[in-house]
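First residue of the sequence shown? That's 3 in my numbering, and the numbers climb one at a time after it. Idealized CB from N, CA, C, for every residue including glycine. Step one of this worksheet: look at the structure below.
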Amino acid sequence: MELELFITPLLLFLFSIFILFRGKKKPDRLPPGYLGLPLIGQSLDLLKALKADKVENWFQEKITKHGPIWKVGLFGYPTVVLNGPTANKFIYTFDGNILTNTQPPSMSRIIGSKNLSELTGNDHKRVRAALTSFLKLEVLKQYVAKVDEEIQHHLQTHWHGKHEVQVQPLIKTLTFNVICSLLFGIERGPKRDKILPHFKHMIEGVLAIPINLPFTQFNRGILARRKLVPIILDLIREKREALEEQKQQANHHKDLITELLCMRNEDGSTTTSDEEITDNIILVMAAGYDTTSALLTFLVRLLANNESIYSTLVHGNASYLRFYCYHCKKQEKIAKNKAHGEALTWEDLTKMKYMWRVASEMLRINPPVNLNFRRTMQDIEYGGFIIPKGWQVLISQSMTHMNNDIFQDPTMFDPKRFEKHAPQPPPFSFVPFGAGSRMCPAIELAKMEILAMMHHLVTRFTWELVKKDESFKRNPMPEFDQGLFVRIKPTKA
Numbered sequence: 003m004e005l006e007l008f009i010t011p012l013l014l015f016l017f018s019i020f021i022l023f024r025g026k027k028k029p030d031r032l033p034p035g036y037l038g039l040p041l042i043g044q045s046l047d048l049l050k051a052l053k054a055d056k057v058e059n060w061f062q063e064k065i066t067k068h069g070p071i072w073k074v075g076l077f078g079y080p081t082v083v084l085n086g087p088t089a090n091k092f093i094y095t096f097d098g099n100i101l102t103n104t105q106p107p108s109m110s111r112i113i114g115s116k117n118l119s120e121l122t123g124n125d126h127k128r129v130r131a132a133l134t135s136f137l138k139l140e141v142l143k144q145y146v147a148k149v150d151e152e153i154q155h156h157l158q159t160h161w162h163g164k165h166e167v168q169v170q171p172l173i174k175t176l177t178f179n180v181i182c183s184l185l186f187g188i189e190r191g192p193k194r195d196k197i198l199p200h201f202k203h204m205i206e207g208v209l210a211i212p213i214n215l216p217f218t219q220f221n222r223g224i225l226a227r228r229k230l231v232p233i234i235l236d237l238i239r240e241k242r243e244a245l246e247e248q249k250q251q252a253n254h255h256k257d258l259i260t261e262l263l264c265m266r267n268e269d270g271s272t273t274t275s276d277e278e279i280t281d282n283i284i285l286v287m288a289a290g291y292d293t294t295s296a297l298l299t300f301l302v303r304l305l306a307n308n309e310s311i312y313s314t315l316v317h318g319n320a321s322y323l324r325f326y327c328y329h330c331k332k333q334e335k336i337a338k339n340k341a342h343g344e345a346l347t348w349e350d351l352t353k354m355k356y357m358w359r360v361a362s363e364m365l366r367i368n369p370p371v372n373l374n375f376r377r378t379m380q381d382i383e384y385g386g387f388i389i390p391k392g393w394q395v396l397i398s399q400s401m402t403h404m405n406n407d408i409f410q411d412p413t414m415f416d417p418k419r420f421e422k423h424a425p426q427p428p429p430f431s432f433v434p435f436g437a438g439s440r441m442c443p444a445i446e447l448a449k450m451e452i453l454a455m456m457h458h459l460v461t462r463f464t465w466e467l468v469k470k471d472e473s474f475k476r477n478p479m480p481e482f483d484q485g486l487f488v489r490i491k492p493t494k495a
């Protein structure tokens, strides 16, 4: 009986969507393709490709069948899929009031409708300015020591004295703690522990099929958001009260919530509402938690497999091997100039140029975020086709990152692509952090975390993979099947 109570409304809803779709007059010059079933469309096929890390194959099959532009039903909406640098430029630079950054329903419901990626026009400019005021390079430089302290504490707690570690879950814990420290101003303890499980359930539901029934990923994500939002609102209230009592004046390191509360318009009113602060705190949490941890995990795997990668990179080129060793010695020199436990500085990070080239090449081959959605607010013409009002538009970064016409031998891992004097790819070809006004505002924070963590790892440990061929799936972020187990040994002092 209870099952019927759930199934009957669902069937009625699907039937009504079907009738609605049938009754709509289709515009002329639609792209070729097949929308599939109402609501579900081909979402399951795309999710299957994501989990197998076969998104490029999924795209290529459709390109072979339909051409470079095609339509498909995804996550509740008819969708037009584009690919290539021209498509990337179109997505990232087109008028944001006409081609909005509206995400699939599951993402907007769970992250929140007032988050930066959902806003357009003046609202987007206002909230982005508020966020970037804290996340810009000049401000973040003063937080290097704070990030470094979290990393050193993490390594001392979870790595030192261990023979084997599960890399990805541990690095997720690290990135979560950095986020809590810088964004929330929450020190280590019960408050952090209370937030983490709700946040994990939210992340799992952001690209789920938007059917809000018990036991679905989407439902778990919605419930987790309901539990997390009151915690964030309590933090906002506490920090507002502390500001009113001027308790924050002696605290040199402001967190993001405090920074947003301090910002004022010319008339003295607050720049951002509590709802906007809440949704954008969740957005930055989501963006930093999985993306940074995924890249760091890929880098740990890369260095564990260094013999094969070195042979591919060096390819008999002794001069490049000497170049690589020179940069390894730079890491050692930075470490030797530090007293035990002494924090890295911004100047130290600026010397780690080769490490960032390695990270950039990993971002090209394995971008943590591989899909970008937009929504049309009116009919748009592109490539000789009409994209109707209300439809989604989708691109995948991998379609340019792994294009042989743009990056020669794209499956080969080669940091030389990102050397200062190397040939530059066409604009909008390398877009792991987005582009234009939709560039990720936290890029410098991510860079800071990655360089500092990798520095401490390579100067403190050596490691090898427990399972050489451990695979990963995208769910929607990359997840290693067993969390990437490695055997570790401390380096000799």
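- Gly114 sits close to Ile284, with the two beta carbons spaced by under 8 Å.
- When DSSP states are grouped into helix, strand and coil, Asn221 belongs to the helix group.
- A contact between stretches requires three or more CB pairs, one per stretch, nearer than 8 Å, and the segment 263 to 275 fails this requirement with the segment 150 to 162.
- Rounded to whole angstroms, Pro106 and Arg377 show a C-alpha spacing of 9 Å.
- Rounded to whole angstroms, the Cβ separation of Arg366 and Tyr94 is 17 Å, and the two are not in contact under 8 Å.
- Taking a C-beta distance under 8 Å as the contact criterion, Met364 and Phe300 qualify as a contact pair.
- If one requires a minimum length of 4 residues, the alpha helix (DSSP H) runs lying completely within the segment 423 to 468 are 445 to 462, in chain order.
- Per DSSP, reduced to three states, the secondary structure at Phe96 is coil, with no helix or strand assignment.
- Met204 has its alpha-carbon roughly 10 Å from the corresponding atom of Arg228.
- Relative to Lys148, the option among Lys174, Ile173, Glu189 whose CA is nearest is Glu189.
- In this structure Tyr36 is exposed. Its beta-carbon is surrounded by fewer than 16 other beta-carbon atoms within 10 angstroms.
- At least 8 Å separates the beta-carbon of Val82 from that of Ile397.
- For Pro192, the secondary structure class from DSSP, reduced to helix, strand or coil, is helix.
- Linking Met287 to Phe178 through their CA atoms gives a straight-line distance of about 8 Å.
- For Ile42, no alpha helix (DSSP H) segment is defined, and its DSSP state is neither H nor E.
- Within the DSSP secondary-structure output, Trp72 pairs in a beta bridge with Val83.
- The Cβ neighbour count for Pro192, taken over all protein chains shown within 10 Å, is under 16; the residue is labelled exposed.
- If you draw a 10 Å sphere on the C-beta of Pro417, you find 16 or more other C-beta atoms in it, and that means buried.
- DSSP lists Arg266 as the bridge partner or partners of Thr272.
- For Glu120 against Ser108, the beta-carbon gap comes to about 13 Å, at or over 8 Å, which does not count as contact.
- Shown here, Gln484 sits in coil according to DSSP, grouped into three states, outside any helix or strand.
- Residue state for Lys475 is assigned as strand, using DSSP reduced to three classes.
- Non-local beta-carbon contacts of Arg31 in its own chain, meaning distances under 6 Å to residues more than five positions away in sequence, involve Phe387, Ile388 in chain order.
- Rounded to whole angstroms, the gap between the alpha carbons of Ile71 and Ser362 is 28 Å.
- Here the segment 440 to 453 makes contact with the segment 127 to 144; the two share three or more CB pairs at distances below 8 Å.
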